[in-house]
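Here the structure is laid out as structure tokens; the discussion comes afterwards.
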Amino acid sequence: MSRLNETDIQGFVLRGYNMPFARYYFLRFNAAVAACGLLKRLLPEVTTGQRWDNGKPDSTVNIAFTFHGLAALELPDATLLTFPVEFQQGMRKRGAVLGDTGLNAAERWDEMWQGEPVHAWLGINGSSIEALETRCAQIVALVEASGGAAVVGAQDAAAIAIDGAPTTREHFGFTDGFGNPDYLGVERKTQPGQGKLMPDGSWAPLATGELLLGYADEAGELPVAPVPHLLASNGTFMVYRKLHQNVATFRAYLDEHASLYAGGKEKLAAKFLGRWQDGTPLELSPDKPDAAIAQDPSRSTNFTYGGDADGTRCPIGAHIRRVHPRDAFGFSGRLINRRRITRRGLPYGQAVPEGEAATDQEDRGVIFMALNANISRQFEFVQQQWIEYGNDAHLGNDKDMLLGNHGGHGKFVVQGDTSATNPPFVCSKLPNFVELRGGDYFFLPSITALGMLAMGLVDPR
Amino acid sequence: MPNKSGKVYGLTILSPIIDDASVTPSHDLQIRKYLATLSTNEGSPFAIAPGTHLARIVVMDDVIYVGMPSCEEHLRSKYLVLESNCDGELDDYLRGLAASVPEQMDAIWSHCVGYPGAADHEAFIGYMKACQIETTFYFAAVNDRSVKETLRALQTQRAVADFVASHQGVEPVQLQREFLDFVSQLRSEVIPPVGSMGPRREIKTGGRNE
Chain A
23 MSRLNETDIQ GFVLRGYNMP FARYYFLRFN AAVAACGLLK RLLPEVTTGQ RWDNGKPDST
83 VNIAFTFHGL AALELPDATL LTFPVEFQQG MRKRGAVLGD TGLNAAERWD EMWQGEPVHA
143 WLGINGSSIE ALETRCAQIV ALVEASGGAA VVGAQDAAAI AIDGAPTTRE HFGFTDGFGN
203 PDYLGVERKT QPGQGKLMPD GSWAPLATGE LLLGYADEAG ELPVAPVPHL LASNGTFMVY
263 RKLHQNVATF RAYLDEHASL YAGGKEKLAA KFLGRWQDGT PLELSPDKPD AAIAQDPSRS
323 TNFTYGGDAD GTRCPIGAHI RRVHPRDAFG FSGRLINRRR ITRRGLPYGQ AVPEGEAATD
383 QEDRGVIFMA LNANISRQFE FVQQQWIEYG NDAHLGNDKD MLLGNHGGHG KFVVQGDTSA
443 TNPPFVCSKL PNFVELRGGD YFFLPSITAL GMLAMGLVDP R
Chain B
5 MPNKSGKVYG LTILSPIIDD ASVTPSHDLQ IRKYLATLST NEGSPFAIAP GTHLARIVVM
65 DDVIYVGMPS CEEHLRSKYL VLESNCDGEL DDYLRGLAAS VPEQMDAIWS HCVGYPGAAD
125 HEAFIGYMKA CQIETTFYFA AVNDRSVKET LRALQTQRAV ADFVASHQGV EPVQLQREFL
185 DFVSQLRSEV IPPVGSMGPR REIKTGGRNE
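Chains as they are written, first to last, in this note's numbering: chain A, 23 to 483; chain B, 5 to 214.
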């Protein structure tokens with residue numbers, strides 16, 4: 023595997039920018055000619071994966087398209103019909119597959135997702151609120167001047183600040199954002215536990231084709247991708263989901279059940295997630311949080327579940343064990359190597375410190391964005407089989423405690439042992455702690471492909 | 005005994021479908037039409053007759069020619085395929101089908117060559133066994149338990165989980181008393197009907213992900 027061409031890949035794909043402020047604009051294109059004109063103007067603005075040797079910029083811009091957006095750009099039909107079916111359908115139509123029903127049904131999504139489909143996503147990150155506002159004003163002016171698209175929605179997101187400093191906490195109080203996978207050819211700071219597990223217990227990068235189109239994946243196959251190859255290569259697919267968090271419901275549920283749980287509230291919360299609130303993995307420190315582990319990159323993601331088959335340290339249904347089971351299904355972890363996703367995203371809405379009154383109605387949650395080469399095989403599989411179902415983990419119909427679409431039913435079992443502070447415990451009548459408020463599937467093209475789109479040069483022959 | 009995995013029998017039956025150009029619609033289409041109306045839960049003939057863990061009926065038209073360099077081949081007949089994971093001995097299982105759901109068996113298999121009807125149980129058994137293909141490398145994903153044992157276990161698991169969830173933190177004396185009541189009540193519960201314990205899943209199944 024030679025080194026990837028970082029100048030041809032959107033920076034958002036290769037790295038989390040680690041900027042505390044973001045705004046996501048959603049566009050609907052006007053006539054194709056004008057829309058292509060807009061893309062031409064945006065092209066020099068788009069942040070690539072090129073390393074920031076001359077200092078980190080104070081803002082970034084990235085762009086992605088829905089299937090409807092690509093159709094609005096008048097891509098040839100012979101190209102459009104080669105996109106994967108789930109991308110052509112879009113997230114709304116995949117609701118039945120994803121379990122986006124009931125409280126998560128599309129009819130309940132934000133206004134922006136009703137009516138005519140969204141065509142494009144513009145993701146802007148800023149190192150400060152001023153830098154974000156400046157860049158956003160510039161980009162919006164550029165969009166308006168071009169006449170190529172209308173801004174039909176905007177979503178602000180920002181790291182939750184504690185004592186004025188941005189953190190990686192989310193609204194339930196957990197530290198988030200550990201452990202995106204490593205991929206061959208992607209240069210970044212790496213740490214054990216972030217790639218695929220090898221038979222000798224070491225960790226190695228996943229095949230590039232799990233993230234990027236045009237490269238071999240873990241099965242040695244090229245991911246399903248549109249023609250021509252040049253349009254697909256160095257691009258990927260993004261899943262965008264606005265996940266509303268019912269903070270009041272979460273806190274009340276935790277309080278109510280913690281009063282019956284001998285391990286205490288802090289531990290019960292940790293059992294839900296699989297990490298203590300500071301991020302310490304239960305697997306490595308089952309009795310108490312340990313900042314020395316949580317903040318040590320060589321340890322914070324470096325664990326397996328093989329020594330905890332009964333889930334007495336980290337419950338079998340804990341969130342992080344469900345969505346990244348590591349070796350929990352045996353076969354040295356090989357069953358999960360084609361189910362990995364790269365996560366981006368930030369919280370949105372005003373944080374409410376523990377102890378202050380919160381309601382479910384207030385607009386807060388997480389903007390979840392997943393990057394993967396194959397939405398069906400990777401994101402949708404994780405969502406359907408590991409979040410909304412429990413069979414792979416021998417948990418029957420139980421769903422993910424935190425993300426599951428429970429509708430007041432279902433249960434979560436905290437496995438335990440005979441010690442006084444780690445008893446078995448059952449959480450039942452689960453409410454929806456998280457509700458879906460909208461989203462879609464996007465194609466994040468390479469810089470070359472963006473140029474092809476802008477110039478109307480996509481030729482499937 | 006490659007047809008068995010532990011206590012569970014892996015049954016494959018291929019019955020040639022009658023090829024009669026004078027019949028409209030053709031026999032295979034008549035089978036498809038009937039199968040489309042069959043219940044897949046409590047009302048399924050395989051739920052009514054005893055001993056089926058899971059079963060699937062398929063109309064096999066032909067082998068598909070995929071183009072060069074493979075050579076073009078065809079089956080000599082269309083076939084009705086029955087796959088079943090069932091309990092116990094084959095004769096008993098087939099006799100149970102003939103005795104419990106003869107109308108359904110006849111409605112399906114009367115379109116097959118040489119089918120004698122379900123009324124004569126021994127003839128029915130003999131016909132099915134003549135159409136049987138030996139199962140090889142059989143793996144039964146049912147923990148080597150009978151259908152009844154599985155249903156009882158699911159019922160118990162659900163009841164115990166509910167009991168635990170609703171009794172956490174209860175004083176030991178009260179807990180013991182209520183647990184004993186619970187156990188005696190559970191023992192007297194009837195086993196739920198086949199097909200009634202399946203997941204009430206809201207999400208679509210049968211996608212490429214499964």
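Built from N, CA and C at the ideal position, the CB exists for glycine as well.
Residue i to residue j span [Cα, whole Å]
| i | j | result |
| --- | --- | --- |
| Ala183/A | Leu61/A | 35 Å |
| Gly207/A | Thr364/A | 15 Å |
| Asn359/A | Leu144/A | 30 Å |
| Ala380/A | Ala169/B | 27 Å |
| Asn324/A | Ile68/B | 49 Å |
| Ala93/A | Asn147/A | 27 Å |
| Ala44/A | Gly329/A | 40 Å |
| Asn268/A | Leu295/A | 16 Å |
| Lys421/A | Gln177/A | 28 Å |
| Ser150/B | Asp239/A | 41 Å |
| Ser322/A | Ile315/A | 6 Å |
| Ala163/A | Gln299/A | 41 Å |
| Ser26/B | Tyr13/B | 39 Å |
| Asn202/A | Leu79/B | 51 Å |
| Gly367/A | Ala127/A | 22 Å |
| Phe390/A | Ala153/A | 23 Å |
| Gly77/A | Arg210/A | 16 Å |
| Arg361/A | Thr470/A | 28 Å |
| Ala247/A | Phe105/A | 6 Å |
| Leu306/A | Asp318/A | 12 Å |
| His251/A | Ala100/A | 13 Å |
| Glu126/B | Val146/B | 29 Å |
| Lys115/A | Gly91/A | 16 Å |
| Glu245/A | Gly71/A | Before going on, a small fix: residue 245/A reads as Pro here, not Glu. The alpha-carbon atoms of Pro245/A and Gly71/A are separated by roughly 21 Å. |
Where residue i falls: helix, strand or coil (DSSP)
| i | result |
| --- | --- |
| Pro176/B | helix |
| Gly146/A | The question names Gly, yet the displayed sequence has Ile at residue 146/A. Ile146/A: strand per DSSP, three-state reduction. |
| Ile22/B | coil |
| Thr160/B | helix |
| Ser192/B | helix |
| Leu234/A | coil |
| Phe259/A | strand |
| Met109/B | helix |
| Ile389/A | strand |
| Pro106/A | coil |
| Arg403/A | The amino acid occupying residue 403/A in the given sequence is Phe; Arg does not appear at that position. Helix, per DSSP. |
| Val168/B | helix |
| Thr443/A | coil |
| Val187/B | helix |
| Asn126/A | helix |
Beta-carbon separation (whole angstroms), residue i vs residue j, contact threshold 8 Å
| i | j | result |
| --- | --- | --- |
| Gly432/A | Glu410/A | The pair is not a contact, with the Cβ atoms about 10 Å apart (cut-off 8 Å). |
| Ala484/A | Ala442/A | One cannot answer for residue 484/A here, as it falls past the ends of chain A, which runs 23 to 483. |
| Tyr463/A | Glu108/A | 7 Å |
| Gly387/A | His279/A | In fact, because the Cβ distance is near 22 Å, the residues do not count as touching under 8 Å. |
| Gly412/A | Leu125/A | Not confirmed; about 19 Å, so no contact. |
| Asp349/A | Leu219/A | 6 Å |
| Leu253/A | Val480/A | 6 Å |
| Lys287/A | Val436/A | Contact doesn't hold; Cβ gap of about 13 Å is too wide. |
| Leu424/A | Phe447/A | Actually they are not in contact, since the Cβ atoms of Leu424/A and Phe447/A sit about 16 Å apart, beyond 8 Å. |
Contact test: residue i Cβ vs the ligand PLP heavy atom, cutoff 7 Å
| i | result |
| --- | --- |
| Lys264/A | Absent from the structure shown: the ligand PLP. Ligands present: none. |
Start-end ranges of the beta strand (DSSP E) lying completely within the region 30-60 of chain A, minimum 3 residues: Uninterrupted beta strand (DSSP E) stretches at least 3 residues long and entirely within the region 30-60 of chain A occur at 43-51, given in chain order.
Residues, ordered as in the chain, of the region 150-162 of chain B that lie near chain A by beta-carbon distance below 7 Å: For the region 150-162 of chain B, the set of positions with a beta-carbon nearer than 7 Å to some beta-carbon of chain A is empty.
Selection of the region 447-476 of chain A by Cβ proximity to chain B, strictly under 7 Å: Result list: Phe447, Val448, Ser450.
Selection of the region 279-299 of chain A by Cβ proximity to chain B, strictly under 7 Å: Residues Leu282.
Residues of the region 71-99 of chain B with Cβ closer than 9 Å to any Cβ of chain A, in chain order: Residues passing the 9 Å Cβ filter: none.
Selection of the region 241-272 of chain A by Cβ proximity to chain B, strictly under 7 Å: Of all residues in the region 241-272 of chain A, none has a Cβ within less than 7 Å of some Cβ in chain B.
Whole runs of the alpha helix (DSSP H) within the region 11-76 of chain B, excluding any shorter than 4 residues: Counting only runs of 4 or more, we get 31-41, 49-52.
Members of the region 98-121 of chain A near chain B, C-beta cut-off 8 Å: Per Cβ criterion, the list reads Ala118, Val119, Leu120, Gly121.
Minimum length 4: unbroken alpha helix (DSSP H) runs contained in the region 156-220 of chain A: As far as the region 156-220 of chain A is concerned, it has no whole alpha helix (DSSP H) run of at least 4 residues.
Residues in the region 169-202 of chain B having any Cβ partner in chain A nearer than 7 Å: Within the region 169-202 of chain B, the residues whose Cβ lies closer than 7 Å to some Cβ of chain A are Ala169, Gln172, Gly173, listed in chain order.
Contact residues within the region 421-433 of chain A, judged by C-beta distance below 7 Å to chain B: Correct list: Lys433.
Cβ-based contacts, 9 Å cut-off: residues of the region 105-127 of chain B near chain A: Here the close residues number zero.
Continuous beta strand (DSSP E) assignments of at least 3 residues falling wholly in the region 323-404 of chain A: Those beta strand (DSSP E) runs which fall completely within the region 323-404 of chain A and span 3+ residues are 364-370, 387-394.
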